[in-house]
Amino acid sequence: MSNTIEDFLTADQEQQIVAAIRRAEKTTSGEIRVHIERHTDLDVLERTKEVFHSLKMDTTAQQNGVLIYVAVDDHIFAIYGDEGINKVVPNNFWENTKNAIQHKFKEGNFTQGLIDGILLAGVQLQHYFPWDHDDINELSDEISKG
C-alpha cells in the first residue's frame, strides 16, 4: 500500500471524481462529497458522521448531503446521508451504491469505484431531491483529505 493519500489517487483521478460529483449534482439538489484518509481508530460509521459534521455537510437547506468516506489503509468505507435523505428513502437505500463501490474496490479500481458510487447516488437521489433551476451548489465538490 502506498504511503500518502496522493498515491491512492493521482491528481488526474481526483479530477475525474470531482467531475463525477458535478455530473451527479446536475440531476439532483443533493450534495455529494468524498473524504479520504489513511486510517481511523473509530468505528467507520462514527468517523464518517464526525467528518460529515466537520465538513459542515449538515448545513444544507434540504439536509440532503451525502458523504462517501474511505479509510485507505483500513480497506473500509461508508456512505452517510443527512437527515433529510434518511427521512424519505427506504432503509436499504445505500446498498446499491455501496455494492457498486465495493465491486470496483475489490478489483483494485478505486477511482472507478468512487465514480460509479457517486453517479449511482446522484441517480438515486434524483427521485427524492430533483435538481431545479433555483438550486445552488452549497458544498465544495473537491475531495477532502484527513
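Read left to right, the sequence shown gives residues 27 to 172 (the numbering used here). Using N, Cα and C, we set each Cβ at its ideal position, and we do this for glycine too. All of these numbers come straight from a predicted model, not from anything done at the bench.
Check                                                                                                                                                 : Outcome
How would you label ARG73, buried or exposed, when you count the other beta carbons within 10 angstroms and need 16 or more for buried?               : buried
Checking the sheet assignment: what are the DSSP bridge partners for ASP54?                                                                           : Per the sequence presented here, residue 54 reads as Thr, with Asp not at that position. THR54 is bridged to PRO156.
Shortest alpha-carbon distance to ALA147 belongs to which of ASN125, GLY172, PHE34, ASP38?                                                            : ASN125
From ALA87 to ASN163, what distance separates their C-alpha atoms?                                                                                    : 11 Å
Can you tell me which of HIS65, HIS101, TYR95 puts its alpha carbon nearest to the alpha carbon of GLU133?                                            : HIS101
Among ASP108, ASP38, PHE103, which residue has its Cα nearest to the Cα of LEU68?                                                                     : PHE103
Kindly give me the distance between the Cβ atoms of GLY91 and ARG48, rounded to whole angstroms, as I take these residues to be in contact under 8 Å. : Actually they are not in contact, since the Cβ atoms of GLY91 and ARG48 sit about 15 Å apart, beyond 8 Å.
Assign THR54 to buried or exposed, taking buried as 16 or more other Cβ atoms, counted over all protein chains shown, within 10 Å of its Cβ.          : buried
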